[in-house]
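*Asks:* Residue numbers (this note's numbering), protein chains in the order written: chain W, 188 to 317; chain P, 11 to 425.
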Amino acid sequence: MDDLYREQIIDHYKSPRKRGTLDPHDYSYEDDNPLCGDRIRIDVRVDGQDRITEAAFSGTGCAISQASADLLMESVVGKSLDEVKALSKDDILEMLGIELGPVRLKCALLSLKVLKAGVYGIESLEQELA
Amino acid sequence: MAETRLRPTLDVDSLRSEFPVLDREAHPGVPLIYLDSAATSQKPRAVIDAMSRFYEQTNANIHRGVHRLAEEATAAFEDARGEAARFVGAPSPRTIVFTRNTTEAINLVARSWGGANLKQGDVVVLTEMEHHSNLVPWQMLAAERGLRLEFIPVTPEGRLDLAALPQLLGLRPRLVALAHMSNMLGTINPVAEIARQAHQAGALVLIDAAQSVPHMKVDVGQLGADFLAFSAHKMCGPTGIGVLFARAELLEAMPPFLGGGDMIKRVELRSFVANDVPYKFEAGTPAIAEAIGLGAAIHFLDHVGLDSVHAHEQLLAAHAIDRLEEVPGVKVYGPPAEERGGVVAFTLEGIHPHDIAQLLDSEGVAVRAGHHCAMPVHQKFGIPASTRASFYLYNTLGEIDRLVEGLYGVKKRFA
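#1: So leucine 145 of chain P contacts chain W; which residues on that side make the cut at Cβ distance below 7 Å?
#2: Which bits of chain P does glycine 248 of chain W rub up against, with CB to CB less than 7 Å?
#3: Do we get a CB-CB distance below 9 Å when we pair glutamine 368 of chain P with the residues of chain W?
#4: Quick one: grab the DSSP three-state call for alanine 395 of chain P.
#5: Anyone know if the C-beta pair for leucine 261 of chain P and threonine 105 of chain P falls short of 9 Å?
#6: When DSSP builds the beta bridges, which residues end up paired with phenylalanine 108 of chain P?
#7: Nearest-angstrom Cα distance between glutamine 389 of chain P and histidine 142 of chain P?
#8: Within 10 angstroms of its Cβ, does glutamate 278 of chain P collect 16 or more other Cβ (buried), or is it exposed?
#9: Whole angstroms are fine: how far does the CA of leucine 42 of chain P sit from the CA of alanine 219 of chain P?
#10: Report, in whole angstroms, the separation of the C-beta atoms of aspartate 234 of chain W and serine 252 of chain W, which I expect to be a contact under 8 Å.
#11: Chain P beta carbons: is any one of them nearer than 9 Å to that of serine 298 of chain W?
#12: Using 10 angstroms around the beta-carbon of lysine 303 of chain W, count the other beta-carbons present and answer buried if the total reaches 16, otherwise exposed.
#13: Would you call the region 149-157 of chain P and the region 187-203 of chain P in contact, with 3 or more CB pairs under 8 Å?
#14: How many Å lie between tyrosine 418 of chain P and isoleucine 229 of chain W at the Cα?
#15: Please check if any C-beta of chain W sits within less than 9 Å of the C-beta of arginine 398 of chain P.
#16: Identify, in the order they occur along the chain, each residue of the same chain with its Cβ nearer than 7 Å to the Cβ of valine 121 of chain P, setting aside the five sequence neighbours on each side.
#17: In the structure shown, what three-state DSSP assignment does lysine 227 of chain P receive?
#18: Can you find a C-beta in chain W that's less than 9 Å from the C-beta of proline 394 of chain P?
#19: Check whether chain W comes within 9 Å of aspartate 365 of chain P, counting only Cβ atoms and requiring the distance to be less than that.
#20: Shortest alpha-carbon distance to aspartate 272 of chain P belongs to which of P/Ala187, P/Ala56, P/Pro346, P/Glu292?
#21: When we look at the beta-carbon of alanine 273 of chain W and count the other beta-carbons within 10 Å, is it buried (16 or more) or exposed?
#22: Is threonine 247 of chain W helix, strand or coil by DSSP?
#23: Which residues bound the beta strand (DSSP E) around serine 215 of chain W?
#24: Check the Cβ of phenylalanine 424 of chain P against every Cβ in chain W and list those closer than 7 Å, keeping chain order.
#25: Does glutamate 241 of chain W come out as helix, strand or coil in the three-state DSSP assignment?
#26: In angstroms with no decimal places, state the Cα-to-Cα distance between leucine 16 of chain P and phenylalanine 244 of chain W.
#27: Count the other CB atoms, across all protein chains shown, that sit within 10 Å of the CB of glutamate 13 of chain P; report buried if there are 16 or more and exposed otherwise.
#28: Let's test the definition: count the other Cβ atoms within 10 Å of the Cβ of leucine 241 of chain P and tell me whether it reaches 16, buried, or not, exposed.
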């Protein structure tokens, strides 16, 4: 069957490391994938230097969106907000280790979109991820 | 009971050969199993040829030209209107307005009839199983006008709760607008009975027939439809053309929808006189080749026989429900096969519909995943999305077996 469903993706989908909510948090944002009605929320805590100390995601979604959210949350701990801003589509695809068509790309990028919207506001985001 | 079940009377093998796309492979070496006809049907060669022939031999704009090609194009376009009228039992071609699709037809009613007739506090009754195309136009008008929207509830079995109808009709709604067949649950609603009661209460009735007209005999008179909308592309025809039927006196009284060429009798700098029905609702150059394609699709369906199509699809739905329910973790939504058309939506525990559809695609099985433009009915059943297999006259029992085999493969991948 499909190469998209590598063991790593199934593993992060079934046993997410960063699933949950953070209370209190410094940043929180929630958004939908209008394609499927999936919804992802991301909570982030930062230290005095705007470096992420904790990150968590919640919501529902397909294996691609959930695994990419989990991998993204893992990878941003320790990063500065500026470094988060610099994350791109290619970083996500590299993390997932797969190629995606235009429809499933939206699933994979939903968590990055939500994270950036939470941290920086949604403006200029569509353009950046286009 | 099994013996009395409707038997397929279609020669599916020979029908399949009329659909060129069914010959292709989904992926190299993987045959295509197309189970997404509720989204859009495949097109038979007769429809593709009719449209090509129009462009190769006739192409001209309609209604205004007096030259030979324009006359032929106009005649062909108006023939298609007549065919559409006959196909749904409409009393006259004048009661048939060509639109882009079902959605535009419903928007036309909301904007034109609703705009002229509905005022603050007026009640419009819809159902909880509507497609977004029969929700959002009314929500938009309700927000502008201060209308009150009420909904016939859906039971856990996926039927409309008719016990709630008398109370809703007691609100003296101006309009009851509902789907003939749900695009998610597959339920065929008792629209004739609902229309009878609605009319007694003084309401008009709009039927979204996008999922029924392609698959079963629909007669606007028998159903008691004041308005009825459907799309060509779900019934072997092309995209880009849909039909609104409305009773002639309603159309006569309704103001135009879009303004422009063809919908006028005369125009001065500051005013215009609207054309007769149905032309006053058809501004601009219409989808001419598409109308001709719709006419060819109607011929095709007439030739196949809609009663056989419906019987075949109920057999497929019954087989699909039986086979799907034997897969551990699968939940099928909607009523028994006898009460539905060829649409079966389901969930598989722990696996998202997108992942199911993606993995099935790698086996060549094309299904729909998501909310199928019917988010409220998914919310009703407490699920964000479902996987939907939908059937047409070219599908086989064997294809459903492949779907089920595919699901076992999906489960294995996620085990």
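The beta carbon of each residue, even a glycine, is placed where N, CA and C say it ideally should be.
*Replies:* With the given structure in hand:
#1: Here residue 145 of chain P corresponds to residue number 135 of the second sequence, with the count starting at 1. Those within 7 Å of leucine 145 of chain P in chain W number zero; the least Cβ separation is about 15 Å.
#2: Residue numbering aside, residue 248 of chain W sits at position 61 when the first sequence is read from its first letter. Here the neighbours are His362.
#3: Here residue 368 of chain P is taken as the residue at index 358 of the second sequence, counted from 1. Taking Cβ atoms only, chain W reaches closer than 9 Å to glutamine 368 of chain P, which makes this a yes.
#4: Counting from one through the second sequence, the residue named residue 395 of chain P turns up at place 385. Coil, per DSSP.
#5: Numbered from 1 along the second sequence, position 251 holds the residue referred to as residue 261 of chain P. Numbered from 1 along the second sequence, position 95 holds the residue referred to as residue 105 of chain P. Their beta carbons are under 9 Å apart, which means leucine 261 of chain P touches threonine 105 of chain P by this criterion.
#6: Residue 108 of chain P sits at position 98 when you count from the first residue of the second sequence. P/Val253, per the DSSP bridge assignment.
#7: Counted from its first residue, the second sequence places residue 389 of chain P at position 379. Counted from its first residue, the second sequence places residue 142 of chain P at position 132. Taking the straight line joining both Cα atoms gives about 13 Å.
#8: For the purposes of this step, residue 278 of chain P is identified with residue 268 of the second sequence, where counting begins at 1. Counting Cβ neighbours within 10 Å, glutamate 278 of chain P comes out exposed, since fewer than 16 surround it.
#9: Counted from its first residue, the second sequence places residue 219 of chain P at position 209. Counted from its first residue, the second sequence places residue 42 of chain P at position 32. Computed Cα separation, rounded: 28 Å.
#10: Taking the first sequence and counting its residues from 1, one reaches residue 234 of chain W at position 47. Taking the first sequence and counting its residues from 1, one reaches residue 252 of chain W at position 65. Not a contact, Cβ separation roughly 28 Å.
#11: Counted from its first residue, the first sequence places residue 298 of chain W at position 111. Judged by the 9 Å Cβ criterion, serine 298 of chain W is not in contact with chain P.
#12: To locate residue 303 of chain W, count along the first sequence from 1; it is residue 116. Buried.
#13: Here the region 149-157 of chain P does not lie against the region 187-203 of chain P, with fewer than 3 beta-carbon pairs under 8 Å apart.
#14: To locate residue 418 of chain P, count along the second sequence from 1; it is residue 408. To locate residue 229 of chain W, count along the first sequence from 1; it is residue 42. Going from the Cα of tyrosine 418 of chain P to the Cα of isoleucine 229 of chain W covers about 33 Å.
#15: The sequence position of residue 398 of chain P within the second sequence is 388, counting from 1. No, no contact with chain W.
#16: What you label residue 121 of chain P is simply residue 111 of the second sequence in a count that begins at 1. Here residue 121 of chain P turns out to be arginine, not valine, going by the sequence shown. Counting only Cβ-Cβ distances below 7 Å, and skipping sequence neighbours, we find Phe267.
#17: Counting from one through the second sequence, the residue named residue 227 of chain P turns up at place 217. Three-state result, lysine 227 of chain P: coil.
#18: As a first step, residue 394 of chain P must be located in the second sequence, where it is residue number 384. Cβ-Cβ to chain W under 9 Å: yes for proline 394 of chain P.
#19: Mapped onto the second sequence, residue 365 of chain P falls at position 355. Interface residue, yes.
#20: Residue 272 of chain P sits at position 262 when you count from the first residue of the second sequence. Nearest C-alpha to aspartate 272 of chain P: P/Glu292.
#21: Taking the first sequence and counting its residues from 1, one reaches residue 273 of chain W at position 86. Answer is exposed; the Cβ neighbour count stays below 16.
#22: In the first sequence, the residue the question calls residue 247 of chain W occupies position 60. Of the three classes helix, strand and coil, the one that applies to threonine 247 of chain W here is strand, per DSSP.
#23: In the first sequence, the residue the question calls residue 215 of chain W occupies position 28. Serine 215 of chain W -> beta strand (DSSP E) spans 214-220.
#24: As a first step, residue 424 of chain P must be located in the second sequence, where it is residue number 414. Ordered by position in chain W, the residues that pass the 7 Å Cβ test against phenylalanine 424 of chain P are Ile197.
#25: Within the first sequence, the letter at position 54 stands for residue 241 of chain W. Here glutamate 241 of chain W sits in strand by DSSP.
#26: Taking the first residue of the second sequence as position 1, residue 16 of chain P is located at position 6. Taking the first residue of the first sequence as position 1, residue 244 of chain W is located at position 57. With a pLDDT of 48 at leucine 16 of chain P, under the threshold of 50, the predicted position of this residue should be treated as unreliable, though the coordinate-derived value follows. Near 50 Å, if we compare the C-alpha coordinates of phenylalanine 244 of chain W and leucine 16 of chain P.
#27: Translated into the one-based positions of the second sequence, residue 13 of chain P becomes position 3. Residue confidence for glutamate 13 of chain P is low, a pLDDT of 44 falling below 50, so the modelled location carries little weight and cannot support an answer.
#28: On the second sequence, position 231 is the one that residue 241 of chain P refers to. In the sequence under discussion, the amino acid at residue 241 of chain P is serine, which differs from the leucine named in the question. Per the 10 Å Cβ criterion, buried.
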